[in-house]
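Numbering (this note's numbering), first residue to last: 135 to 456.
C-beta: ideal position from N, C-alpha, C; glycine also.
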């Protein structure tokens, strides 16, 4: 297996916004510092959870620079904001290379390329950077899986060193791990421990925005062969993972929870995402009532604001185009 240049507990960072939908830059800095302090050793900025599809290119580039400055060497910074236009993705990664420790290339979405198209996209983007590359396999969002044979071919590129797996096919993960040196990261919060158990090196998690410390405990326990401790933490996290990942998009729920805990100034998301409706918020809060003994989280002080979370925002500057 290759040396891991990314860390093991990676947070798919939310992008805090103000109430009117602009990036809350002081809030971004505070949140990055808080998750690193809680045990994260890698930060993925402007990924799916960071609402990359509604961030402008200048925002994406500033996010990676702010993350680098706040981390100050304490955590690796991965630029996750790609594109389903190959030329655009190449340009974004080139412009962020000075501030990032790695890049994450999501499967091109909406245009549904063939496997040959996927491979060409991955290779061309990887050719354009000297940084280590993580492929992001999430067919539930992109409409296209990275098939086993394509992963094997992509693994031959010297810059492609890892996969973030949100596909949930454990037999395929094992198959790829047996036949390549690729590093695997769990991209499904509910499956972090099972992924680690079959050879994944870490996670890129949404719920880690709320509680990074238990994931640090799980990873460290697996590293030393302590399955009992890892399993205990996995079970404690289960209702929190369900609250964040089940009822509304993970970004929406994570911001709702973080705001209710007083960690970010606003739960606002950008349209077409909207905050949880009354019934959705009630179910999330019911799940959170089951959370106990999770390190770094005290829901006795949880003060949700459904009105503040309602709806979605249109930023002053629209679009992700160049």
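Could you check where the alpha helix (DSSP H) with residue i kicks off and where it finishes?
i: residue 144; result: Note, residue 144: premise wrong, no alpha helix (DSSP H); beta strand (DSSP E) at 143–146.
i: residue 194; result: 191–205
i: residue 521; result: There is no way to answer for residue 521, as the model of the chain reaches only from 135 to 456.
i: residue 446; result: Note, residue 446: premise wrong, no alpha helix (DSSP H); not H, not E.
i: residue 337; result: Where residue 337 is concerned, there is no enclosing alpha helix (DSSP H), although the beta strand (DSSP E) it sits in stretches over 336–339.
i: residue 216; result: Unbroken run through residue 216: none, as it is neither H nor E.
Going by C-alpha distance, which of the options is nearest residue i?
i: residue 380; options: 400, 340, 396, 361; result: 340
i: residue 177; options: 352, 166, 187, 427; result: 166
i: residue 210; options: 233, 399, 273; result: 233
i: residue 397; options: 168, 144, 146, 142; result: 168
i: residue 424; options: 369, 404, 361, 442; result: 369
i: residue 203; options: 217, 164, 191; result: 164
i: residue 374; options: 401, 403, 418, 360; result: 418
Ends of the beta strand (DSSP E) at residue i?
i: residue 319; result: 317–320
i: residue 161; result: Here residue 161 belongs to no beta strand (DSSP E); instead the alpha helix (DSSP H) covers 159–171.
i: residue 267; result: 267–271
i: residue 229; result: Note, residue 229: premise wrong, no beta strand (DSSP E); alpha helix (DSSP H) at 220–230.
i: residue 177; result: 176–179
Under the rule that 16 or more other beta-carbon atoms within 10 Å means buried, what is residue i, buried or exposed?
i: residue 197; result: buried
i: residue 228; result: exposed
i: residue 290; result: exposed
i: residue 413; result: exposed
i: residue 346; result: buried
i: residue 410; result: buried
i: residue 479; result: The question about residue 479 has no answer here: the residues shown for the chain are numbered 135 through 456.
i: residue 224; result: buried
i: residue 332; result: exposed
i: residue 358; result: exposed
Which residues in the same chain as residue i place their Cβ atom closer than 7 Å to its Cβ, once the five residues preceding and following it in sequence are excluded?
i: residue 193; result: 157
i: residue 142; result: 175, 335, 336, 353
i: residue 405; result: 446, 447, 448
i: residue 136; result: 295, 315, 317
Under 8 Å by Cβ, that's how I've got residue i and residue j pegged, so tell me the actual separation to the nearest angstrom.
i: residue 384; j: residue 183; result: 6 Å
i: residue 366; j: residue 377; result: Actually they are not in contact, since the Cβ atoms of residue 366 and residue 377 sit about 19 Å apart, beyond 8 Å.
i: residue 297; j: residue 282; result: That belief does not hold up - the Cβ atoms of residue 297 and residue 282 are roughly 11 Å apart, past 8 Å.
i: residue 155; j: residue 447; result: 2 Å
i: residue 364; j: residue 355; result: 4 Å
i: residue 299; j: residue 329; result: 7 Å
If you drop the 5 nearest sequence neighbours on each side, which residues of the same chain put their C-beta closer than 8 Å to that of residue i?
i: residue 277; result: 243, 244, 246
i: residue 279; result: 241, 271, 273, 301
i: residue 253; result: 284, 287, 288
i: residue 431; result: 344, 345, 374, 395, 425
Residues in its own chain within less than 6 Å of residue i by CB, not counting five upstream and five downstream?
i: residue 180; result: 186, 189, 194, 197, 214, 215
i: residue 294; result: 260, 267, 288
i: residue 427; result: 370
i: residue 219; result: none
i: residue 461; result: Outside the shown range of the chain (135 to 456) lies residue 461, about which nothing can therefore be said.
i: residue 338; result: 144, 146, 178, 298, 319, 321
i: residue 212; result: 178, 236, 238
Sorry if obvious, but does the Cβ on residue i come closer than 7 Å to a heavy atom of the ligand COA?
i: residue 261; result: The ligand content of the structure shown is nil, which means the ligand COA is not present either.
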